[in-house]
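Asker: Quick note on numbering: my numbering labels position 511 of the sequence shown as 511, and the sequence is numbered without any gaps.
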Amino acid sequence: MALKVLRRIPAGSFLILAVTALLASVSALVVSWTAFGRQLDEYAYDFLFRLEQPAPWKPESAILAIDEATLAQYGGLIGMRSAVADGIEKILPAHPKAIAVDVILAEPGSPEADRKLEDAFARAPNLVLSSDLVGSGAQIHWEDPIERFSKYAVALGQVHADLDKYDAVSRDLPLEKIAGRQRRWALALAAWAAASHAEIIESPDEIAIGKARIPAPIRDGRVMRIRYAPLSMGGIPRVSIADLARTPGLAAIFSDRIVFVGVTAQTAVRDRWMTPYSNGMFMPGVEIHANACETIARGVFLVDAPLWAVAAAALGLAIFAAVGFAFGAGMPANIVGAAAIVTAQAFPAFAFSRSIVWPWLPGTLAAIFAVSLAATWRHLMVRRQLVSAREETNRYQNAMHFAIHELRTPLTAIQGSSELISRYSGMPEPKRREIADLINSESKRLGRIIETFLSVERLSAGQIEIRTERFPIDELVESCAVRARPIAERKNIEIEITSLPAATLSGDRELMEYAVYNLLTNAVKYSPPHTRVRVSGEDGKGERVYLSIADEGIGMDKAEVSRIFEKFYRTKKAEQSGESGTGIGLSIVEQIVTSHGGAIQVVSEPGKGSRFTLMLRRAV
Ligand code: ADP
């Protein structure tokens, strides 16, 4: 039984493996698709972002900062335009490539400051001004700088912040925004275009500018992930307008760079955001624009792995994780499962080092789900095997008890008889012979019982040699019936032989007799008195010959029939019938028949009777 279960594993295992892997990967993808799943993936992204920082580079941009000191010097936000004007004037001698101003200039300010700013703008090279989205719904529109300023700008760039909707971390930037049929490129993109005198060329999948090809498909909203300058670079170079007034030499850092002008003062504005690096600290909006500009300038973009690849990898990892449990158990399976989970961690890290954003959750969850599912399945399976092994041991023990009991009866008879002979020397001859016959027949009975037990083991181990003789089927049946009739007569059961084919069988006559005799005695044992046992035969197609033994006895249900060929199995009804038995006979019968190239079939109905049919091969 245990052996049969083990042999059945591989076929079923493939199915279990496929179902487990599919279930694990699909549910992993579904969980990753939820808001919670995506949030976890974003955290994993931030972690990798910090882990795999690029080597520092020479920045293309610099920040002209309106910090606390500047605001203090110019009397707060009111003086901001004047500060910007002074700042721009001071950096012009350093010849910046372009100047992008991240300050909203949609309303007129004080006449004097506006005039100052206009003068500065007039002299600024490649000036890019910002435009913000205001209003909502149908009223949404661009708030552009007033004409007085915008006339000096080579382009307008949008500065609308687009944050992660769950945790307000600035990971990416929409390169274009459309409102009221007007499109604005992002400030960083417009500034880079102005500085490099390149045209922005768009296609459905990317935006090309100079040598850079930005993979920002229109279907994904033209979003570009910002590759922030690594911490080792200490951020984008920054000089405040207040410091510039005190130390004009600082203007040198703006030489040949794209200048982003904006507020960095913590107290002044809300324009400060979290980034994957920020670790709880905020980054001013102007610095985020400068970082976006650096990303474009470097031309190395982080792209999302295609969904099909992520799904395929999740499935692959689930198969990998479950395979150990499908074909084995214990430590090796655990190690394979753990290896799959570790591989799931390595995937995103490896991909990130090649600028591919590979979501962490689908693969990891798929591997974990697959390990848990497969391990649970394996656990249930082993438990089932254990239960059936225990059942078999119980049955075996019962059979042993029975056998010992059976052995004791002839043994007692032999002992008693031999003692009689030795004690009474003057025993009459007929009595002595009777006792000697008894000893002889009882020892033969002992031998038969032992032989039966041994033959089960030897047959199943293939140790019995099968002879090949030819014998007619009717002779075989007749000699078995002759032996079974005395037992049948005790219960007034008639053994009736009808229509046997005139076929000759080839094989081991002794073993075949054992099989047929067993079926006959079973039919008698499990039938009430005054019934009939019918033996009949039939020619089949080709070499086939059928031999049936049908009774009108206690019968069996389907579940019982499926188990009667197991060693030591007896039905409840058989045990209650008072008929002695070991549950071994039929297992030997089956082995004999199959080793002769035949098969055995049982049709039975509780209370009605059973029919055992042997399908045999005739001798040719
Ligand atoms: P046993 O020594 O118990 O007869 P077998 O291996 O010959 O052992 O048979 C196994 C079991 O199959 C029996 O215990 C009985 O429950 C059932 N069985 C066998 N033959 C019949 C039959 N003709 N009618 C009903 N039950 C049967």
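We put the beta carbon where it would ideally sit given N, CA and C, even for glycine.
Would you mind sorting Y45 into buried or exposed? The rule is 16 or more other CB atoms within 10 Å of its CB.
Answerer: Its Cβ being crowded by 16 or more others within 10 Å, Y45 is buried.
Asker: With the cut-off set at 8 angstroms, would you say P622 and M556 are in Cβ contact?
Answerer: This structure cannot speak to residue 622, because the chain is shown only from 1 to 620.
Asker: Determine the direct distance from the alpha carbon of E442 to that of L411, and round the result to whole angstroms.
Answerer: Taking the straight line from one Cα to the other gives about 7 angstroms.
Asker: Report the rounded CA-to-CA distance for V5 versus D508, giving the unit in angstroms.
Answerer: Legend: pLDDT at V5 = 42, less than 50; position of this residue unreliable, no value from coordinates given.
Asker: How would you call F121, buried or exposed, if buried means at least 16 neighbouring beta carbons within 10 angstroms?
Answerer: It counts as buried.
Asker: How is G609 classed by DSSP in three states: helix, strand or coil?
Answerer: Strand at G609.
Asker: Assuming R227 and L302 form a contact by the criterion Cβ under 8 angstroms, report the distance between their Cβ atoms to the nearest whole angstrom.
Answerer: The pair is a contact, with the Cβ atoms about 6 angstroms apart (cut-off 8 angstroms).
Asker: Counting only the same chain and skipping the five closest in sequence on each side, list residues whose C-beta sits under 8 angstroms from that of R219.
Answerer: So the list reads P204, once near-sequence residues are dropped.
Asker: To which residues of the same chain is V620 closer than 7 angstroms at the C-beta, ignoring the five residues directly before and after it?
Answerer: Here the set comprises E543.
Asker: Within the present structure, is the beta-carbon of S32 separated from the nearest heavy atom of the ligand ADP by less than 7 angstroms?
Answerer: S32: no, Cβ never under 7 angstroms from the ligand ADP.
Asker: In chain order, what residues of the same chain have a beta carbon less than 8 angstroms from the beta carbon of S255, not counting five sequence neighbours either side?
Answerer: A94, H95 and P96, listed in sequence order.
Asker: Mind checking whether F568 and T582 have CB atoms under 8 angstroms apart?
Answerer: Yes, the Cβ-Cβ distance between F568 and T582 is below 8 angstroms.
Asker: From this set, R532, P528 and K525, which residue's C-alpha is nearest T498's C-alpha?
Answerer: Of the candidates R532, P528 and K525, the one whose C-alpha sits nearest the C-alpha of T498 is R532.
Asker: Compare the beta carbon distance of G109 and V128 with 8 angstroms and say whether it is the shorter of the two.
Answerer: Cβ distance not < 8 angstroms, so G109 and V128 don't count as in contact.
Asker: For I645 and A28, which I take to be in contact (beta-carbon distance under 8 angstroms), what is that distance rounded to the nearest angstrom?
Answerer: No information on residue 645 is available, as it lies outside the stretch 1 to 620 that the chain covers here.
Asker: Give the straight-line distance between the Cα atoms of E391 and M400, rounded to the nearest whole angstrom.
Answerer: So the alpha carbons of these two residues sit roughly 14 angstroms apart.
Asker: Give the C-beta separation of I584 and V593 to the nearest angstrom, bearing in mind that I take them to be a contact with Cβ-Cβ under 8 angstroms.
Answerer: 15 angstroms between Cβ atoms; not a contact.
Asker: Taking the beta carbon of Y424 as the centre, do at least 16 other beta carbons fall within 10 Å, making it buried, or is it exposed?
Answerer: With fewer than 16 Cβ atoms within 10 Å of its Cβ, Y424 is classed as exposed.
Asker: Tell me the DSSP secondary structure of K558 in three-state form.
Answerer: Helix, per DSSP.
Asker: Determine the direct distance from the alpha carbon of M331 to that of V31, and round the result to whole angstroms.
Answerer: Approximately 29 angstroms between the Cα atoms of the pair.
Asker: Please state whether the Cβ-Cβ distance between L145 and A106 is less than 8 angstroms.
Answerer: It is Pro, not Leu, that sits at residue 145 in the sequence shown. Going by C-beta atoms, P145 is nearer than 8 angstroms to A106.
Asker: Alpha carbons only, please: which of G234, K116 and Q182 is nearest the one belonging to P56?
Answerer: The shortest Cα separation from P56 among G234, K116 and Q182 belongs to G234.
Asker: How big is the Cα-Cα spacing for I421 and D437?
Answerer: Roughly 12 angstroms separates the two Cα atoms.
Asker: At 3 residues or longer, and completely inside the segment 183 to 243: list those beta strand (DSSP E) runs for me, N to C.
Answerer: Listed in chain order, they are 200 to 202, 207 to 209, 212 to 214, 223 to 225 and 238 to 240.
Asker: Comparing the CB of Y569 with every heavy atom of the ligand ADP, is any distance shorter than 7 angstroms?
Answerer: Within the cutoff, so yes.
Asker: What does Q601 pair with, by DSSP beta-bridge criteria?
Answerer: According to DSSP, Q601 bridges with T613.
Asker: The alpha helix (DSSP H) spanning L51 covers which residue range?
Answerer: Looking at the DSSP string, the run of the alpha helix (DSSP H) that includes L51 is A35 to L51.
Asker: Quick one: Cα of L22 to Cα of M283, how far?
Answerer: Cα to Cα, L22 sits roughly 43 angstroms from M283.
Asker: Counting pairs of beta carbons, one from the segment 375 to 383 and one from the segment 312 to 330, are three or more of them closer than 8 angstroms?
Answerer: Yes: the two stretches touch, three or more of their Cβ pairs being nearer than 8 angstroms.
Asker: Out of S196, E42 and G262, point me to the one whose CA is closest to S211's CA.
Answerer: Note on identity: in this sequence residue 211 is Lys, with Ser being the wrong assignment. Cα-wise, what sits closest to K211 is S196.
Asker: Quick one, which of R432, G426, F352 and G553 has its alpha-carbon nearest S686's?
Answerer: Outside the shown range of the chain, which is 1 to 620, sits residue 686, and nothing can be said about it.
Asker: CB-CB under 8 angstroms to L373, same chain, minus the five flanking residues each way: which ones, in chain order?
Answerer: Cβ neighbours of L373 beyond the five flanking positions: T20, L23, A24 and A322.
Asker: Look at the alpha carbon of A265 and the alpha carbon of V286, and state the distance between them as a whole number of angstroms.
Answerer: Answer to the nearest angstrom: the Cα atoms are 11 angstroms apart.
Asker: Classify E442 as helix, strand or coil using the three-state DSSP reduction.
Answerer: Correct three-state label for E442: helix.
Asker: With DSSP as the reference, label W57 as helix, strand or coil.
Answerer: In the structure shown, W57 sits in coil (DSSP, three-state: anything other than H, G, I, E or B).
Asker: Does the Cβ-Cβ distance between I214 and I296 come in under 8 angstroms?
Answerer: Yes, the pair counts as a contact, with Cβ atoms nearer than the cut-off.
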